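The listed protein sequences derive, respectively, from chains C and U.
Numbers 1 to 196, taken from our numbering, label the letters of the first sequence in order.
Numbers 1001 to 1196, taken from our numbering, label the letters of the second sequence in order.
Glycine included, C-beta positions come from ideal geometry on N, C-alpha and C.
Quick caveat, the model's predicted, so the values are computed rather than measured.
Down below is the structure, laid out as structure tokens.
There are 2 protein chains.
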Amino acid sequence: MAKIRPGKNGSKKDVITQKAAVLFKTKGYSSASMRELAETIGVEAPSLYNHIGSKSELLQIICFKVADAFTSHLDSTERTGETVPEKIEAIIRFHIGMMLNDFDEVYVANHEWKHLKEPYLSNFLNQRRGYEKRFVQLVESGIEAGELKKTDPYVAVLTILSAVRGLEFWQHHKKNISAATLEDDMVNHLLNGIAK
Amino acid sequence: MAKIRPGKNGSKKDVITQKAAVLFKTKGYSSASMRELAETIGVEAPSLYNHIGSKSELLQIICFKVADAFTSHLDSTERTGETVPEKIEAIIRFHIGMMLNDFDEVYVANHEWKHLKEPYLSNFLNQRRGYEKRFVQLVESGIEAGELKKTDPYVAVLTILSAVRGLEFWQHHKKNISAATLEDDMVNHLLNGIAK
DNA sequence: TAGCAAAACTAACACTTATTAGTTTTTTGG
DNA sequence: CCAAAAAACTAATAAGTGTTAGTTTTGCTA
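The following block contains the structure:
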């Protein structure tokens, strides 16, 4: 009866995907059922299959949308003439922005990717490893140029990526901290530390 | 036929719980089946119920074992006469140590807690919120004492906890980075930054 | 307004799930 | 070595899973 109404910008498939992201985030991919997803849309489960191929396709779309966004941002950052610390700052700010604006998708990509099916699982992991590797190379070049302290570049990248990824549990503190404060203080912490 | 053999230190229930942690980590709580858990132990699924109450009890045990370990470490850290930066360093090192030594359990506690049933879910979240709150207070006192830079204490705690939590994906780089390097560099990064 | 395509519906299938009941085997202790 | 307790087994249940088939309704366009 109820018809899937496409948002002003987006097909019906996009609407389903977005609702799926919220549901996968809340319940986890495995615990989220197609019947439940259909219910949040106001439709019976089999009707979804007029628009999508399978449940796991929804996960693929979400994960690769996020992965592609980060990859293409890194592409353009690498091409700027900024110093390494400036580039790192830009990357951190982009991660934080993604976390704040596309929280559902980013959360799902970070937490539910293991339920991707082959060959998507391998593709996703390769893409992520490639991203990390390029980030490590960026840090290495900054150390060589004397713009960064001598430290293990892997650990530095690990620390930065982990810190921004953890923003998911900032959602609970939204009332206490503004997005601007969060972004500035975290950038500062990760670049300059907190010890006096 | 095959009997559950208790490890030298631990009941049969402990053996099951430990294997469950590995399985929950690998497949996720919802995707992990009792049949599969039983198989890794070498027994039929219903036999497990001679030792445990339910699948979700296993998750409870794992999550609260981890939560209690962190809480009680914070208890003792608060009572030392160290400076605030020293206390923070101790906390970071404890987190890293837990990640390296009890990886399976910590991973599950961090990723699968949402599948806890009430009232355990609320208890767990309350315990975690309490931990964060006490950590924030510690940072606040360090700022007041002039031992830390003036920064938002929530953001600082968020950054530190997120960074150490992300150590889960260091497992893939084990060959490249020693545990000692990792620990020292991360502590240094989080306290002093990487920018020159 | 007739007809066609899109998209909804109901019914069903083939599986998997955690868990219980009832029974048999194994281990333990006197 | 025998009895009691512990722990394994098989069989079964009730609920829930993603998905397909077949049919009916809806909505656009000619």
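Residue 46 (chain C) sits exposed, since fewer than 16 C-beta atoms from the chains shown fall within 10 Å of its C-beta.
For the region 156 to 179 of chain C, the set of positions with a beta-carbon nearer than 9 Å to some beta-carbon of chain U reads 156, 158, 159, 160, 161, 162, 163, 164, 165, 166, 167, 168, 169, 170, 172, 173, 176 and 177 in chain order.
CA-to-CA, the gap between residue 1110 (chain U) and residue 1066 (chain U) works out to about 9 Å. Taking 8 Å as the CB threshold, residue 1028 (chain U) lines the interface with chain C. In this structure residue 24 (chain C) is in contact with residue 59 (chain C), their Cβ atoms being roughly 7 Å apart against a cut-off of 8 Å. Its Cα nearest to that of residue 1055 (chain U), the residue U:1031 stands out among U:1070, U:1164 and U:1031. Per DSSP, residue 1052 (chain U) is not a residue of any alpha helix (DSSP H), being assigned neither H nor E. Three or more Cβ pairs drawn from the region 153 to 170 of chain C and the region 1178 to 1194 of chain U lie within less than 8 Å of each other, which places the two stretches in contact. Below 8 Å, enough C-beta pairs join the region 135 to 147 of chain C and the region 64 to 84 of chain C to call them touching: three or more.
Distance between residue 148 (chain C) and residue 89 (chain C), taken at the CA atoms: about 13 Å. Within the region 1086 to 1119 of chain U, the residues whose Cβ lies closer than 9 Å to some Cβ of chain C are 1088, 1111, 1112, 1114 and 1115, listed in chain order. For residue 112 (chain C), the closest of C:64, C:43, C:150 and C:83 by C-alpha to C-alpha distance is C:64. Counting other Cβ atoms within 10 Å of its Cβ, residue 1150 (chain U) stays below 16 and is therefore classed as exposed. In this structure residue 180 (chain C) is exposed. Its beta-carbon is surrounded by fewer than 16 other beta-carbon atoms within 10 angstroms. Close partners of residue 186 (chain C) in chain U (Cβ separation under 7 Å): 1155 and 1159. DSSP places residue 123 (chain C) within a helical segment (H, G or I) once states are collapsed to three. Between residue 1026 (chain U) and residue 1062 (chain U), the C-beta gap is not smaller than 8 Å, which leaves the two residues out of contact. Residue 1183 (chain U) sits buried, since 16 or more C-beta atoms from the chains shown fall within 10 Å of its C-beta.
Ranked by how close their Cα comes to the Cα of residue 85 (chain C), the residues C:125, C:141 and C:100 have C:141 in first place.
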